[in-house]
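Take a look at the structure set out below.
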Amino acid sequence: MTLLIRNPLAITSDGKVSRVNVFVEDERIQFISQDTPPFGSKRGEVIEGEGKLLLPGLINAHIHTEETLWMNMIPDTVPHIPWFNEYTLPYYHSLTEEDAYWSTLLSHALMLLCGVTCCADSANLWPDADAKAVSRSGIRFYVGIWASDLSGTLSKDTAKCLEDVEKHLKKYSGRGRLRGMASVIGSNTCSDELYFEAARLAARYDTPITSHESSGHEDVIQSLKRTGERPIEHLVKIGFLTRRTIISHATDITSSEVNSLKATGAGVALCPATELKKGKGLHAYGRLTEIVRLGVRYCAATDNANSSNSLNPMRAAGLLALLVKDLSLDPSIFTARDALRSITEYPADLLGLNAGRLEVGSLADLALYDASNAYLSLGDPVQGMVYCDPPRVVDVVVNGELVVSGGGLTRLNMEEILREARSRAESIARRMGVLG
């Protein structure tokens, strides 16, 4: 398949804004230039770029797609621990595989319409439903399974967790749009053996490994009681942190733990909307400024639809930029271009994916936005993308395939998805006893 994107305004990998022509063939970007591509004899699809802004496809490196059916259902007054124990766990117990499929499909549809071309989910119960959803949506999807062996009603014994993780990695270890990755739930729900052996499996199958850690002050208190150490301190001690590791949240960490993240090369998926909504105290416990200044590998992500209530990474990137500027008392420390990289280039690096940059050889995961409104047509369009109201997505390309065209999904019927989602959300609520 060949594809020509003709003369859009583009934000290139060096952060500059210019008009270019982009030629795609064999799932990769083959040509980027202001000149006409030298491929006149090759037939393919042409996307007219006039009035559009071209970006690398956005990457949402921390999300829970099976929770999207439950969007906006949890009161916004609930702290993190009861949020998880009293609402999220009962939801998962009420979820069927078919529910998970429709929830994941809804997640994919919503993200594609935001310009997301790749996402990563670290705690799914039904990976086969995820595979089915990917086959329909066309999004690129990294998925890990739920693995915990210490506490919680979804926990299993250590051997069973490791058996399931390895089975998952064997089944989805290819390089297609669905890619298995290793994951453990973390947050005081995993033994040292599970951490260590899951990390060994990640190395064996050449995948990232993710874990939720220090997602709030309560997590740190529990860790100190259980191990005598803070979460990141303990993970350093047992050898869990490597360049494969992606720590989600890291909301309450010390300067010493930031140094450990830097030294080990581990990455952090920062979820600013979640931490702000749940009142986790980034101003009191967070180290966002140190993470940025020290050069820790990081990205911005949305988390689930009941924590941030949005699956648009651009919102997360904008919040991250504003927080870092304010907490550091220095508006120069973090720019709109840094924010954009936090949802394109940086998560691609954490996932080991050759994407997130407009350059020859990168995977053809691309998003085009309507640049005709005032927010993008006046001044710096990068600031317009990050700080202003999100612009309308016009076209999205994943792996060289047009999956959104003219603002509509090419593979999916949004009305069908919403109809199923509403029906299933109501059924789940009834099973949970939320509705009469």
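All you need for the working numbering is the position in the sequence shown, starting with 1, plus 931.
Virtual Cβ for every residue (Gly too), placed ideally from N, Cα, C.
Strand pairing of residue i, partner residues [DSSP]
i     : result
L1333 : V1328
E976  : L934
C1049 : I990, R1071
T1176 : I1140
I963  : V953
N1055 : I1076
L1298 : For the sequence presented, residue 1298 should be read as Ala rather than Leu. DSSP lists L986, V1327 as partners of A1298.
G1339 : S1336
L940  : R950, L984
Residue i and residue j closer than 7 angstroms at C-beta
i     : j     : result
G1331 : M932  : yes
A1248 : A1270 : yes
T943  : L1289 : yes
V1189 : E1160 : no
A1073 : R1110 : The sequence shown places Tyr at residue 1073, not Ala. Contact: yes.
T1372 : A1113 : Past the boundaries of the shown model lies residue 1372; the chain is included only from 932 to 1367, so the question cannot be answered.
Y1032 : A1051 : no
R1342 : V1334 : yes
R1268 : G946  : yes
S1079 : T1120 : yes
T1185 : G1217 : no
T999  : A1236 : yes
G1198 : R1228 : yes
L1125 : C1092 : yes
R950  : E979  : no
H1039 : S1066 : no
M1363 : S1146 : no
L1368 : P1203 : Since the displayed the chain opens at 932 and closes at 1367, residue 1368 lies outside it and no answer follows.
L1254 : L1219 : yes
F954  : Q961  : yes
S1273 : C1319 : no
Where residue i falls, given that 16 or more other Cβ within 10 Å makes a residue buried
i     : result
K1101 : exposed
R1361 : exposed
L1282 : buried
G1367 : Caution is warranted here: a pLDDT of 47 is assigned to G1367, below 50, making its placement in the model unreliable, and the coordinate value is therefore given only provisionally. Classification of G1367: exposed, given that the 10 Å Cβ count is below 16.
I1348 : buried
S1053 : buried
E1346 : exposed
S972  : Confidence at S972 is low in this model, with a pLDDT of 48, below 50, so the placement of that residue is unreliable and no value is reported for it.
L1260 : exposed
A1286 : buried
A1352 : buried
H1214 : exposed
K1211 : buried
V948  : exposed
V977  : exposed
G1226 : exposed
G1310 : exposed
E1029 : exposed
L935  : buried
K983  : buried
E997  : buried
L1369 : An answer regarding residue 1369 cannot be provided, because it is not within the stretch 932 to 1367 covered by the chain.
T1035 : buried
D1007 : exposed
Cβ distance (whole Å) where residue i is taken to contact residue j below 8 angstroms
i     : j     : result
V1047 : P1244 : 6 angstroms
V1096 : A1129 : 6 angstroms
G1105 : A1298 : G1105 to A1298, Cβ: 25 angstroms. No contact.
G1117 : S1142 : 3 angstroms
I1152 : L1192 : With a Cβ gap of about 21 angstroms, I1152 and L1192 do not count as contacting.
S1293 : R959  : 7 angstroms
L940  : P1312 : 7 angstroms
D1234 : T1275 : So it is not a contact: roughly 18 angstroms between Cβ atoms.
I1384 : E1144 : Shown here, the chain extends from 932 to 1367; a query on residue 1384 therefore has no answer.
V1325 : D1301 : 5 angstroms
H993  : A1200 : 4 angstroms
Y1023 : L1044 : Their Cβ separation, rounded to whole angstroms, is 26 angstroms, which puts Y1023 and L1044 out of contact at 8 angstroms.
I1076 : F1127 : Incorrect: roughly 18 angstroms between the Cβ atoms, too far for contact.
A1134 : R1175 : 7 angstroms
P1278 : I990  : 4 angstroms
L1172 : T1158 : Not a contact, Cβ separation roughly 15 angstroms.
P1010 : K1156 : Going by Cβ atoms, the distance from P1010 to K1156 rounds to 18 angstroms, so no, they are not a contact pair.
Cβ of residue i within 7 angstroms of any chain D Cβ
i     : result
D1088 : No chain D appears in the structure shown, which is made up of a single protein chain.
Item to check | Whole runs of the alpha helix (DSSP H) within the segment 1072-1157, excluding any shorter than 4 residues | outcome: Restricting attention to alpha helix (DSSP H) runs no shorter than 4 residues, the segment 1072-1157 encloses them at 1089-1102, 1123-1136, ordered along the chain.
Checklist entry - Which ranges does the alpha helix (DSSP H) cover as unbroken runs of at least 4 residues, wholly within the segment 1192-1270, from first to last along the chain? => result List check, alpha helix (DSSP H) in window: 1203-1208, 1213-1216, 1219-1225, 1244-1259.
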